[in-house]
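Below you'll find the structure, written out as structure tokens, and then a few comments.
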Amino acid sequence: MAPPNYNAAEARQKLASLRMGLSEPGITASQGFNAYDPTEVVTLGLELLKTSETEIEWFAVLEQVFVACLDKGDIRGASALLTKIESRFSYDSSVRVKRLHGLLAESHGDFDRAIEIYNAALEQDEVNVLIHKRLVAVLVSQGKRTEAIERLVVYVDAFMQDVEGWTELAALYLEENMLQQAAFCFEELLMLRPQNHLYHVRYAELLYTLGKFDPAVKYYCAALELCRDNVRALCGLRVATAAVLAGQGKEKGAATGGKNAKKVVSVTREGDEVDVVDSETITALSKLANDRLSALYTEAAPEYPMINTVVKSWLST
Numbered sequence: 150m151a152p153p154n155y156n157a158a159e160a161r162q163k164l165a166s167l168r169m170g171l172s173e174p175g176i177t178a179s180q181g182f183n184a185y186d187p188t189e190v191v192t193l194g195l196e197l198l199k200t201s202e203t204e205i206e207w208f209a210v211l212e213q214v215f216v217a218c219l220d221k222g223d224i225r226g227a228s229a230l231l232t233k234i235e236s237r238f239s240y241d242s243s244v245r246v247k248r249l250h251g252l253l254a255e256s257h258g259d260f261d262r263a264i265e266i267y268n269a270a271l272e273q274d275e276v277n278v279l280i281h282k283r284l285v286a287v288l289v290s291q292g293k294r295t296e297a298i299e300r301l302v303v304y305v306d307a308f309m310q311d312v313e314g315w316t317e318l319a320a321l322y323l324e325e326n327m328l329q330q331a332a333f334c335f336e337e338l339l340m341l342r343p344q345n346h347l348y349h350v351r352y353a354e355l356l357y358t359l360g361k362f363d364p365a366v367k368y369y370c371a372a373l374e375l376c377r378d379n380v381r382a383l384c385g386l387r388v389a390t391a392a393v394l395a396g397q398g399k400e401k402g403a404a405t406g407g408k409n410a411k412k413v414v415s416v417t418r419e420g421d422e423v424d425v426v427d428s429e430t431i432t433a434l435s436k437l438a439n440d441r442l443s444a445l446y447t448e449a450a451p452e453y454p455m456i457n458t459v460v461k462s463w464l465s466t
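Counting from 150, one number per residue, gives the positions in the sequence shown under the numbering used here.
Okay, structure coming up:
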């Protein structure tokens with residue numbers, strides 16, 4: 150029996166938009182098309198399967214309902230759907246069926262079997278993005294970060310435009326305290342998504358941690374150009390400018406005399422000198438960060454004067 154107010158066209162459109170990860174033009178968030186509800190997907194999908202127009206749609210919807218069953222914990226229902234899929238597409242010949250078997254193995258907690266299935270699928274189709282990502286996810290969930298990193302390095306070498314892959318690789322490197330490698334990942338992300346201020350902030354934080362204070366200041370500024378009142382970037386700018394002014398470069402710049410006396414030479418922890426920065430500019434940026442942070446906290450929490458007092462006390466140090 151069809152659910153109340155069931156409309157086949159709308160159901161088809163909604164399931165398609167969820168598969169694509171976006172909504173069709175004209176669909177608003179208030180219509181609920183962006184929300185993922187596995188129970189609803191199962192209900193709509195099973196009804197839609199009765200009237201599927203093509204075999205391609207039949208398989209796509211059945212696959213989607215299978216995953217929704219796993220998401221809602223209905224492993225028995227997912228197994229029944231997988232049996233139905235295999236009545237038309239065999240395990241040996243179909244990489245997509247192998248992927249579904251891998252997902253089912255994961256739901257049973259048999260991760261070694263899932264890894265075995267995904268490896269077999271990649272032997273059959275070595276450029277299958279979904280299988281690569283699923284294999285990495287399983288390795289990470291099992292604490293096998295070294296293997297996951299090795300897999301992701303191979304993956305991003307083949308799919309250099311995959312932002313999600315570079316982001317995951319950067320996260321894994323950070324968990325392993327491999328900061329230089331993580332910084333390289335964020336450099337790739339900045340080339341792929343230069344308009345994303347969060348990547349500028351994360352890269353600046355890595356540079357600061359590595360002792361490269363001057364370039365850190367520049368990337369914090371780049372983040373603030375994209376998102377003017379980002380508190381994380383403002384805090385980073387404050388500490389990075391303070392590090393530049395208080396570091397070895399200050400004494401070196403002051404000691405040179407002449408026209409360079411008002412310059413600050415930023416020196417990394419490795420002893421490498423980088424761009425000469427005007428100390429007045431660094432001081433102005435530090436003041437800018439202090440002023441904006443003070444104003445933002447005052448505007449955001451006027452009823453909590455204690456918070457403002459603590460923030461201003463920190464900014465005055």
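Ideal Cβ positions, reconstructed from N, Cα and C, are used throughout, including at glycine.
Because the structure is a prediction, the values reported are computed rather than measured.
For this session: May I ask you to report which of helix, strand or coil DSSP gives Asp427?
Result: Locating residue 427 in the sequence shown gives position 278, where the first residue counts as 1. In this structure, Asp427 counts as strand in the three-state DSSP scheme.
Problem set entry | Span separating the alpha-carbon of Tyr357 from that of Ala395 | Numbered from 1 along the sequence shown, position 208 holds the residue referred to as residue 357. Numbered from 1 along the sequence shown, position 246 holds the residue referred to as residue 395. Taking the straight line joining both Cα atoms gives about 14 Å.
Exercise. Among the residues of its own chain, which have a CB less than 8 Å from the CB of Arg387, if the five just before and after it don't count?
Worked result: Position 238 of the sequence shown, counted from the start, is the residue given in the question as residue 387. Take Arg387, set aside five residues on each side of it, and the residues of its chain with a beta-carbon closer than 8 Å to its own are Ser435, Ala438, Asn439, Leu442, Leu464, in chain order.
Problem set entry | Gln180 versus Asp363: straight-line alpha-carbon distance, rounded | One-based indexing of the sequence shown puts residue 180 at position 31. One-based indexing of the sequence shown puts residue 363 at position 214. Note that Gln180 scores 48 on pLDDT, short of 50, meaning its location in the model is unreliable and no value can be drawn from it.
For this session: Have a look at Ser428 and Asp311 and give me their C-alpha separation to the nearest angstrom.
Result: Residue numbering aside, residue 428 sits at position 279 when the sequence shown is read from its first letter. Residue numbering aside, residue 311 sits at position 162 when the sequence shown is read from its first letter. Taking the Cα positions, Ser428 is about 39 Å away from Asp311.
Exercise. Can you tell me whether Gly251 is buried or exposed, with buried defined as 16 or more other CB within 10 angstroms of its CB?
Worked result: For the purposes of this step, residue 251 is taken as the residue at position 102 of the sequence shown. In this structure Gly251 is buried. Its beta-carbon is surrounded by 16 or more other beta-carbon atoms within 10 angstroms.
For this session: Pull up the CB-CB distance for Ala331 and Ala319, whole angstroms please, since I reckon it's below 8 Å.
Result: As a first step, residue 331 is located in the sequence shown; it is residue number 182 there, counting from the start. As a first step, residue 319 is located in the sequence shown; it is residue number 170 there, counting from the start. The Cβ separation is near 5 Å, so the contact holds.
Problem set entry | Which listed residue (Phe208, Glu337, Leu383) has its alpha carbon closest to that of Ala433 | Reading the sequence shown from its first residue, position 284 is the one you call residue 433. Nearest of Phe208, Glu337, Leu383 to Ala433, Cα basis: Leu383.
Exercise. With a CB to CB cut of under 7 Å and the five nearest residues on each side skipped, what residues in its chain are close to Tyr185?
Worked result: Taking the first residue of the sequence shown as position 1, residue 185 is located at position 36. These residues qualify, in order along the chain: Leu167.
Exercise. For Ala254, does the count of other Cβ atoms within 10 angstroms reach 16, so buried, or fall short, so exposed?
Worked result: For the purposes of this step, residue 254 is identified with residue 105 of the sequence shown, where counting begins at 1. Looking at its Cβ environment, which holds 16 or more other Cβ atoms inside 10 Å, Ala254 is buried.
For this session: Look at Val482 and Gln273 and say whether their C-beta atoms are less than 9 Å apart.
Result: Residue 482 lies beyond the stretch modelled for the chain, which goes from 150 to 466, so this question has no answer here.
Problem set entry | Minimum length 4: unbroken alpha helix (DSSP H) runs contained in the segment 277-314 | If one requires a minimum length of 4 residues, the alpha helix (DSSP H) runs lying completely within the segment 277-314 are 278-290, 294-307, in chain order.
For this session: Return the chain-ordered list of same chain residues with a C-beta closer than 7 Å to the C-beta of Glu173, the five sequence neighbours on each side being excluded.
Result: In the sequence shown, residue 173 corresponds to position 24, counting from 1. With a pLDDT of only 38 at Glu173, under 50, the local geometry of the prediction cannot be trusted, and no value is derived from it.
Exercise. Could you give the distance in angstroms between the alpha-carbon of Met455 and the alpha-carbon of Glu448?
Worked result: For the purposes of this step, residue 455 is taken as residue 306 along the sequence shown, with counting starting at 1. For the purposes of this step, residue 448 is taken as residue 299 along the sequence shown, with counting starting at 1. Met455 and Glu448: Cα-Cα distance of roughly 14 Å.
Exercise. Does DSSP put Cys218 in a helix, a strand or coil?
Worked result: Your numbering for residue 218 matches position 69 in the sequence shown. DSSP places Cys218 in helix when its eight states are reduced to three.
For this session: Output the residue ranges of the alpha helix (DSSP H) runs that lie fully inside the segment 330-376 and measure 4 residues or longer, sorted by chain position.
Result: Counting only runs of at least 4 residues, the segment 330-376 fully encloses the following alpha helix (DSSP H) elements, listed from N- to C-terminal order: 346-358, 362-375.
For this session: Can you give me the Cβ contacts of Ser290 inside the same chain, cut-off strictly under 8 Å, excluding the 5 residues immediately before and after it?
Result: On the sequence shown, position 141 is the one that residue 290 refers to. So the list reads Phe260, once near-sequence residues are dropped.
Exercise. Taking DSSP as the reference, what is the three-state secondary structure of Ser201?
Worked result: The residue you call residue 201 lines up with position 52 of the sequence shown. Correct three-state label for Ser201: coil.
For this session: Could you check which residue in Tyr352, Cys370, Leu375 has the C-alpha nearest to that of Gly344?
Result: Position 195 of the sequence shown, counted from the first residue, corresponds to residue 344. The residue asked about is misnamed: residue 344 is Gln in this sequence, not Gly. Closest option to Gln344, Cα to Cα, is Leu375.
Problem set entry | Closest residue to Thr232 among Leu249, Ala217, Asp220 (Cα-Cα distance) | For the purposes of this step, residue 232 is taken as residue 83 along the sequence shown, with counting starting at 1. With distances taken between Cα atoms, Thr232 lies closest to Leu249.
Problem set entry | Cα-Cα separation between Met340 and Leu328, rounded to whole angstroms | Along the sequence shown, read from residue 1 onward, the residue named residue 340 stands at position 191. Along the sequence shown, read from residue 1 onward, the residue named residue 328 stands at position 179. If you draw a straight line from the Cα of Met340 to the Cα of Leu328, it comes to about 19 Å.
For this session: Leaving out five residues on either side along the sequence, give the residues of the same chain with a beta carbon under 7 Å from the beta carbon of Asn277.
Result: The residue given as residue 277 occupies position 128 in the sequence shown. Correct list, in chain order: Val244, Ala270, Leu271.
Problem set entry | His257 in three-state terms, based on DSSP | Working through the sequence shown from its first residue, we reach residue 257 at position 108. Coil.
Exercise. How big is the Cα-Cα spacing for Ala229 and Glu206?
Worked result: By one-based count along the sequence shown, residue 229 stands at place 80. By one-based count along the sequence shown, residue 206 stands at place 57. Each residue's Cα considered, the two are about 19 Å apart.
For this session: Could you tell me which uninterrupted alpha helix (DSSP H) segments, each at least 4 residues in length, are contained entirely in the segment 223-250, listed from first to last along the chain?
Result: DSSP runs (the alpha helix (DSSP H)) wholly in the segment 223-250: 224-235.
Problem set entry | Nearest neighbour of Tyr369, chosen from Ile431, Arg300, Leu195 [CA to CA] | Within the sequence shown, the letter at position 220 stands for residue 369. Looking at the Cα atoms, Ile431 is the closest of the given residues.
Exercise. So what does DSSP say about Met327, is it helix, strand or coil?
Worked result: Here residue 327 is taken as the residue at index 178 of the sequence shown, counted from 1. DSSP places Met327 in coil when its eight states are reduced to three.
For this session: Express the C-alpha separation of Arg262 and Leu211 in angstroms, rounding to a whole number.
Result: One-based indexing of the sequence shown puts residue 211 at position 62. One-based indexing of the sequence shown puts residue 262 at position 113. In a straight line, the C-alpha of Leu211 is about 23 Å away from that of Arg262.
Problem set entry | CA nearest to the CA of Thr200, picked from Glu235, Tyr352, Ala160 | Here residue 200 refers to the residue found at position 51 when the sequence shown is read from its first residue. Of Glu235, Tyr352, Ala160, the residue nearest in Cα terms is Ala160.
Problem set entry | Spatial neighbours of Cys218 in its chain, beta-carbon cut-off 7 Å, leaving aside the 5 residues before and after | Looking up residue 218 in the sequence shown gives position 69. Hits under 7 Å: Val191, Gly226, Ala227, Leu230.
Exercise. Going by beta carbon distance, what residues of the same chain come within less than 6 Å of Arg351, once the five residues before and after it are set aside?
Worked result: Along the sequence shown, one-based indexing puts residue 351 at 202. Phe335, listed in sequence order.
Exercise. Where does Pro451 sit, in a helix, a strand or coil, going by DSSP?
Worked result: By one-based count along the sequence shown, residue 451 stands at place 302. The three-state secondary structure of Pro451, taken from DSSP, is coil.
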